[in-house]
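Below is one structure, written out as structure tokens, with a few remarks after it.
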Amino acid sequence: MPMTPRSLSKHLGPGFSTAQARAAGVGSRRLARDDVRRIAQGLYIRQTHDAQEQGHPAEWWRERQRARAIAVADSIGPNHFFARRTAAALWGLPVPPSKSDVLEVCAYYPHRSTRRTGISSSQVRPHLVNVVERKHVRLTDPATTWAMLAGALDRADAIALGDAVIRRVRIPGTQRLERPPLATLNDLEQILEAGRREHAAVLRQLLPLLSTSSASAPESHLRMKMLEWGLPVPVLDHDVYDERGRLLGCSEFAFPTQKLAVEYEGRHHLTSSHQWNRDIQKYRDYADAGWEVLQVTSALLYRRSDELKRQLSAALARRS
6 MPMTPRSLSK HLGPGFSTAQ ARAAGVGSRR LARDDVRRIA QGLYIRQTHD AQEQGHPAEW
66 WRERQRARAI AVADSIGPNH FFARRTAAAL WGLPVPPSKS DVLEVCAYYP HRSTRRTGIS
126 SSQVRPHLVN VVERKHVRLT DPATTWAMLA GALDRADAIA LGDAVIRRVR IPGTQRLERP
186 PLATLNDLEQ ILEAGRREHA AVLRQLLPLL STSSASAPES HLRMKMLEWG LPVPVLDHDV
246 YDERGRLLGC SEFAFPTQKL AVEYEGRHHL TSSHQWNRDI QKYRDYADAG WEVLQVTSAL
306 LYRRSDELKR QLSAALARRS
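Counting from 1 along the sequence shown, just add 5 to a position and that's the residue number in my numbering.
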């Protein structure tokens, strides 16, 4: 019977080196099987499906970054840590992929930057960064990651990154949180006050635009589009109730006065039958309660934004 990924040693993470595999009793023949992918000289990742074909390219890039970082984490040196795009990928933040798989590492000044194939290394003053250890990997904390990276991104992506860092994942119908946010707006303000850094003025201008209620990068991008178009400011993460006070659902964007909800339909909504069925019932309940739902797809947001603007403007005018 073919071996499965579960047959690999539990001591090996999603990414590992040849040395780590040998220490766990995994030999070269085992590493040649289909459930292991070689991504660089001496570096491997577990592979349970062809993520490159089935997943989004950006997600596949972030997966490779995480796997590579975990595999080399023990060898980058005690005064080094992952930063910028690599740190963002390790935190699960929505960072646009770079054009290569090179890992981004920083060294505390005055320690020398590491010189190693596949790693881009630079020095940083210790007072400008907060470094933590997460799952045995040293990396910048989420607030520092945003401060180091956002200035190099375009405005919409910088805001999406900041939104993800401070997001408060709320249980619908309550004010309880599923988990604490990775950081707070105050954390971002404090890291910007730590000392002079590149793009500091731009970053400070972005702070008032960030939201704790944006659930994904496309939702952040859509919010910025609405602002750019001069549309009314929507309520984010809004609970919708019927006349009897029954919770019908929670919508990413809502205009309560107009009873208009705007929903971004990501791939998860289409690939999960449970999510799809739940969405259909929610939209039926909304309609019964007098609400209209405008569904926004990736194509509408990113490739047909003029049409999206027309639809949003028409819906708001129709229900005013």
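Think of the CB as a built atom: it goes at the ideal place given N, C-alpha and C, for glycine as much as any other residue.
Quiz prompt | Rounded C-alpha distance that separates R339 from G156 | solution = Past the boundaries of the shown model lies residue 339; the chain is included only from 6 to 325, so the question cannot be answered.
Exercise. Let me know if V137 comes out buried or exposed under the rule of 16 or more other beta-carbons within 10 Å of its beta-carbon.
Key: Taking the first residue of the sequence shown as 1, we reach residue 137 at position 132. When all chains shown are included, V137 counts as exposed.
Practice problem: Could you pull out every residue in the same chain whose Cβ sits closer than 8 Å to the Cβ of R71, ignoring the five residues on either side in sequence? | Solution: Here residue 71 refers to the residue found at position 66 when the sequence shown is read from its first residue. Taken in chain order, the residues that qualify are P19, G20, A94, L95.
Practice problem: Enumerate, from N- to C-terminal direction, the unbroken beta strand (DSSP E) stretches of 3 or more residues contained entirely within the stretch 257-313. | Solution: 265-269, 297-301
Exercise. From the DSSP output, in three-state form, read off A78 for me.
Key: Working through the sequence shown from its first residue, we reach residue 78 at position 73. In the structure shown, A78 sits in a helix (DSSP, three-state: H, G or I).
Quiz item: Residues bridged to A112 by DSSP?
Solution: Indexing the sequence shown from 1 puts residue 112 at position 107. DSSP output for A112 lists H85, Q128 as bridge partner(s).
Exercise. Compute the Euclidean distance between the alpha carbons of M231 and P237, then round it to the nearest angstrom.
Key: Mapped onto the sequence shown, residue 231 falls at position 226. Mapped onto the sequence shown, residue 237 falls at position 232. For M231 and P237, the distance between alpha carbons rounds to 8 Å.
Exercise. Could you tell me which residues DSSP puts in a beta bridge with I50?
Key: Position 45 of the sequence shown holds residue 50. DSSP lists G20, R42 as partners of I50.
Quiz item: Less than 8 Å separating the beta-carbons of A112 and H132?
Solution: Here the question's residue 112 lines up with position 107 in the sequence shown. Here the question's residue 132 lines up with position 127 in the sequence shown. No.
Quiz item: What is the residue span of the alpha helix (DSSP H) that H226 lies within?
Solution: To locate residue 226, count along the sequence shown from 1; it is residue 221. It spans 222-234 - the alpha helix (DSSP H) in which H226 sits, taken as one unbroken run.
Quiz item: D242 lies in the beta strand (DSSP E); which residues open and close that run?
Solution: In the sequence shown, the residue the question calls residue 242 occupies position 237. Taken as a continuous stretch (DSSP letters only), the beta strand (DSSP E) holding D242 covers 240-246.
Exercise. Take P222 as the anchor and find which of E198, V170, R175, R249 has the nearest alpha-carbon.
Key: What you label residue 222 is simply residue 217 of the sequence shown in a count that begins at 1. Note that residue 222 is Ala in the sequence shown here, rather than Pro. For the residues E198, V170, R175, R249, the minimum Cα distance to A222 belongs to V170.
Quiz item: In or out: I50 buried (at least 16 other Cβ within 10 Å) or exposed?
Solution: Counted from its first residue, the sequence shown places residue 50 at position 45. That one is buried.
Quiz prompt | K264 and G295 closer than 8 Å at C-beta | solution = Here residue 264 refers to the residue found at position 259 of the sequence shown. Here residue 295 refers to the residue found at position 290 of the sequence shown. A contact, by the Cβ cut-off of 8 Å.
Self-check item: Sequence-distant residues of the same chain with beta carbon closer than 8 Å to T119, five excluded per side
Solution: By 1-based counting over the sequence shown, the position of residue 119 is 114. Excluding residues within five positions, the ones whose Cβ falls inside 8 Å are I81, G82, H85, V110, A112, S126.
Exercise. Going by DSSP, name the residue or residues bridged to G254.
Key: As a first step, residue 254 must be located in the sequence shown, where it is residue number 249. Answer is V245, bridged to G254.
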